[in-house]
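What follows is a set of notes on a single structure, which appears directly below.
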Amino acid sequence: MSETTTDPAVLKSQYKWYMSGIVTWVAPFGLQTVLFPWLIAVQLQESADRLGIAQMTMQLPGLFLVLVGGLLADRIDPRRILVGAHLFATIPPLGVALLIYTDGLSYTWLIMYALMMGTANAFVLPARDGMLNRVAGGNLQKTVTVAMGLTFGAQLIGFVLASSADTAGAIPLLLLQVTIISLGVIATGKLHAAPVYIRTEEGTRFEQLTRGLRVAFESREMRPTMTLLFFMSLFYGGSFVVINPIMVRDIYGGAAFEMSLSYSCFVIGTVTATVAMLSVGGLKNQGLALLLGVLFGAVALGMTHFAPPFPFYLAAILGWGMCGGVAMSMGRTIVQETAPEDMRARIMAVFALCNTGGMPLGALILGICAEQLGVLNATLVCVAGVSSVGILIWLLTPLASIRVGGAPA
Numbered sequence: 048m049s050e051t052t053t054d055p056a057v058l059k060s061q062y063k064w065y066m067s068g069i070v071t072w073v074a075p076f077g078l079q080t081v082l083f084p085w086l087i088a089v090q091l092q093e094s095a096d097r098l099g100i101a102q103m104t105m106q107l108p109g110l111f112l113v114l115v116g117g118l119l120a121d122r123i124d125p126r127r128i129l130v131g132a133h134l135f136a137t138i139p140p141l142g143v144a145l146l147i148y149t150d151g152l153s154y155t156w157l158i159m160y161a162l163m164m165g166t167a168n169a170f171v172l173p174a175r176d177g178m179l180n181r182v183a184g185g186n187l188q189k190t191v192t193v194a195m196g197l198t199f200g201a202q203l204i205g206f207v208l209a210s211s212a213d214t215a216g217a218i219p220l221l222l223l224q225v226t227i228i229s230l231g232v233i234a235t236g237k238l239h240a241a242p243v244y245i246r247t248e249e250g251t252r253f254e255q256l257t258r259g260l261r262v263a264f265e266s267r268e269m270r271p272t273m274t275l276l277f278f279m280s281l282f283y284g285g286s287f288v289v290i291n292p293i294m295v296r297d298i299y300g301g302a303a304f305e306m307s308l309s310y311s312c313f314v315i316g317t318v319t320a321t322v323a324m325l326s327v328g329g330l331k332n333q334g335l336a337l338l339l340g341v342l343f344g345a346v347a348l349g350m351t352h353f354a355p356p357f358p359f360y361l362a363a364i365l366g367w368g369m370c371g372g373v374a375m376s377m378g379r380t381i382v383q384e385t386a387p388e389d390m391r392a393r394i395m396a397v398f399a400l401c402n403t404g405g406m407p408l409g410a411l412i413l414g415i416c417a418e419q420l421g422v423l424n425a426t427l428v429c430v431a432g433v434s435s436v437g438i439l440i441w442l443l444t445p446l447a448s449i450r451v452g453g454a455p456a
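Here this note's numbering runs 47 ahead of the position in the sequence shown, where the first position is 1.
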């Protein structure tokens, strides 16, 4: 399907398969979001800093490979990348299931699992995001918002499935993870071949690889957006994958079910915000909405520092998720609208790098903070860090004035 395809039947079919590909990739990763820290923190009883290191390794491949993934998606059919990554991603959970069955599971093997799944994700993100405009049918913000809603809705499905780990055990869930990812091979295989814009290009391999990075950070619109997204991934992402499971375990005495419930509340908040944005036809002042989402999210997260009763803790996580849904949707929309057509996959690779690139460092730092300062005080590190960055970007950049179309007002 070309960028200029207008046949409604073709667009509808491709839209359906594209969104199906999102679900069959994200739902298994949602399951993994709960199951992975549960295996480390509950089954292996590892410390907070060891969990932080493990979560760091899950995100680490993205730092080194996502730009390569973006370049490849500009040079070859991204559909082939998606199909190949789905096939590759069936291997690690099968391996972990076999290790559990033979009583051979260890922290080291889970690190290997994390590196392999992180590698697959580093190639999927830019390939998938680079294709989004081709199925948007002229309504980009709505398509971005729907994709975000499906992403978090599919994560919620994964969280619910993982909540049974305490009773069902990990092996059935790992096999289910493999099954859903395998369905993604079918969904992504139904996508039409995408046009490849970059065949030959001047400059060294390194210059070609980093050209998207340079273009993104020369843009008055994308530079502050991606800078803020990076610090969101550092503070909020690190809190999501380390602080939350440790707090559930140490403060509330929970295990897989409670972890799943807390993650589900975050996603319910995100989906609620997404539905609200769709119902009003989208937000026009995207930059201001991004900033407010980040800052009000800090307030919601800060409430967890006081260790409220578990229902109120879940309510704070839900509010944090609502703010995160607005911020992430607006950040993605600004970048999608501003990215040059012939470099979209590479720009979206930079987006993915910023959106997740701070998470390895954040997971490591917050794991250490939780171990040394206590998990409750570690939340204050997140709140202070992201609030300071958000206020500085608001005061020093034009982000607050960016409106529909990706241009400052």
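Here a beta-carbon is modelled for each residue, glycine too, at the ideal position from N, C-alpha and C.
Using C-beta distances below 6 Å, list every residue in its chain close to residue i, excluding the 5 sequence neighbours before and after it, in chain order.
i, result
"F206", "G77, V81, S307, Y310, S311"
"G284", "M406, G409"
"C416", "A425, V428"
"L172", "A399"
"A74", "A201, I204, G205, I227"
"V89", "A302"
"Y160", "P139, V143"
Suppose contacts are defined by Cβ-Cβ distances below 8 Å. Is residue i in contact with residue j by that definition?
i, j, result
"V289", "A95", "yes"
"A194", "M66", "yes"
"A303", "W64", "no"
"M477", "V262", "This structure gives no information on residue 477, because the portion of the chain shown stretches from 48 to 456."
"F313", "L348", "no"
"I381", "T198", "no"
"R393", "R258", "yes"
"V232", "V130", "yes"
"L230", "L220", "no"
"G177", "V322", "no"
"A354", "L423", "yes"
"I315", "G368", "yes"
Which of the three DSSP states is assigned to residue i in this structure?
i, result
"R450", "strand"
"K237", "coil"
"Q92", "coil"
"P356", "coil"
"D389", "helix"
"D121", "helix"
"I364", "helix"
"D213", "helix"
"Y160", "helix"
"V115", "helix"
"L152", "coil"
"E265", "helix"
"N186", "coil"
"I298", "coil"
"N3", "Because the chain in this structure spans residues 48 to 456, residue 3 falls outside the shown range and cannot be described."
"N332", "coil"
"T426", "helix"
"T444", "coil"
Taking the straight line between their C-alpha atoms, what separation do you get for residue i and residue j?
i, j, result
"Q383", "S376", "11 Å"
"S434", "V341", "8 Å"
"L222", "A144", "7 Å"
"G372", "V191", "12 Å"
"I245", "L114", "Summary for I245: the model assigns pLDDT 49, below 50, so the residue's position carries little reliability; its value from the coordinates is reported in the next sentence. C-alpha separation (whole angstroms): 15 Å."
"L86", "L112", "26 Å"
"V397", "L427", "29 Å"
"I449", "T385", "11 Å"
"P459", "A183", "The structure shown does not extend to residue 459, since the chain is modelled only from 48 through 456, so no value can be given for it."
"T444", "R127", "39 Å"
"T20", "L335", "Residue 20 lies beyond the range of the chain shown here (48 to 456); nothing can be said about it."
"G117", "M324", "29 Å"
"L58", "L260", "30 Å"
"L110", "C401", "9 Å"
"L157", "Q106", "13 Å"
"S286", "R175", "26 Å"
Using a C-beta cutoff of 8 Å, does residue i count as contacting chain B?
i, result
"P55", "The structure shown contains no chain B; it holds only a single protein chain."
Please list, in chain order, all residues of the same chain as residue i whose beta carbon is under 8 Å from its beta carbon, the five residues on each side excluded.
i, result
"L442", "none"
"Y154", "I87, L91, E93, R97, A101"
"T272", "G334, L337, G378, I381, V382, L446, I449"
Which residues in the same chain have their Cβ closer than 7 Å to the Cβ of residue i, if we skip the five residues on either side of it in sequence?
i, result
"A374", "M279, L337, G340, V341, G344"
"P108", "L162, G165, T166, A169"
"L411", "G99, I100, M103"
"I218", "A144, I147, Y148"
"F135", "A167"
"V430", "A345, L348, G349"
Could you pull the start and end residues of the alpha helix (DSSP H) that residue i belongs to?
i, result
"G409", "406-420"
"W72", "55-84"
"S307", "303-326"
With a threshold of 7 Å, establish whether the CB of residue i neighbours any heavy atom of the ligand FMN.
i, result
"A425", "The ligand content of the structure shown is nil, which means the ligand FMN is not present either."
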